[in-house]
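If you read the sequence shown in my numbering, its first letter stands for residue -17, the second for the next number, and so on.
Structure, as structure tokens:
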Amino acid sequence: MQATDVQPSRLARAKHKLRDLLQARKGQSTGLIVYSGSAHLVMPLTRDGRIVSAMVEDLTPELMPADGDALAEALQLAASVLQRAGVPGSVLVMADGVAPAQAETLTAATPSLPVQILAMNSPAAQVEPGLARAASALGAPVLRLSADGADVRRVAQRARSDFKAVAGTASGDRWRDGGYLLLPLIALLTLMWCRRGWLVR
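Following this line, the structure appears as structure tokens:
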């Protein structure tokens, strides 16, 4: 992410794009996870984009405790954050590549979350092979950087549609958790309770 094929660097451009995305999604909950050899929650879900922006400013690869590529761990962490919050959501991965070994294990190791990938290498270059394999394993679209805000608009638009789809599925299954299947039994017990002779006068 320190490469300068994207000026001033891939990491600096990622921070810039993230700030633009926070502005586009103003008022929506956003969390921040960073990963290298391990994954770490920097900011839990918050509606205050200014806090996320402030946390992003000081992020550098040198802060990470180990080199590597723990994308699967990062996605698992994202799923647990959403589960603890009790809300549906989607994930945006901003990366310039994925290690081949990591890409091969993604299908089995990752939860079923809507994922998008924003490739942080030069728009003129081919998508890094590991990133392409990871996208295929996750069923995730790979979006390319653009000089204008078209990439951010595409990410925000897809995030909205993914959120609606996941929220619709969650609300569609909510009746199963609400105990509605027990209503006939409860009604039957209530009717039996009201029969003559069942109450002591």
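Glycine residues also receive a C-beta, built at the ideal position from the N, C-alpha and C atoms.
Computed from a predicted structure; not experimentally measured.
Here A119 is near L88, since their CB atoms are less than 7 Å apart.
Closest option to L127, judged by alpha-carbon separation, among P82, P111, S104, S(-9): S104. The alpha carbon of Y17 has as its nearest neighbour, out of S11, D2, P26, P43, the alpha carbon of P43. Fewer than three pairs of CB atoms, one per stretch, sit closer than 8 Å, so the segment -11 to 3 makes no contact with the segment 49 to 60. Exclusion of the five residues before and after V24 leaves L14, I15, V16, M37 as the residues of its chain whose Cβ lies within less than 7 Å of its Cβ. Look at M(-17) here: in three-state DSSP terms it is coil, with no helix or strand label.
Beyond the five residues adjoining it in sequence on each side, A67 comes within less than 7 Å, by CB distance, of L27 in the same chain, given in chain order. If you draw a straight line from the Cα of V63 to the Cα of S11, it comes to about 12 Å.
When the beta-carbon positions are compared, L113 and V80 come within less than 7 Å of each other. A direct Cα-Cα distance of roughly 12 Å separates A85 from E55. The C-alpha of R1 is placed about 15 Å away from the C-alpha of A129.
Judged by DSSP in its simplified three-state form, L41 adopts coil rather than helix or strand.
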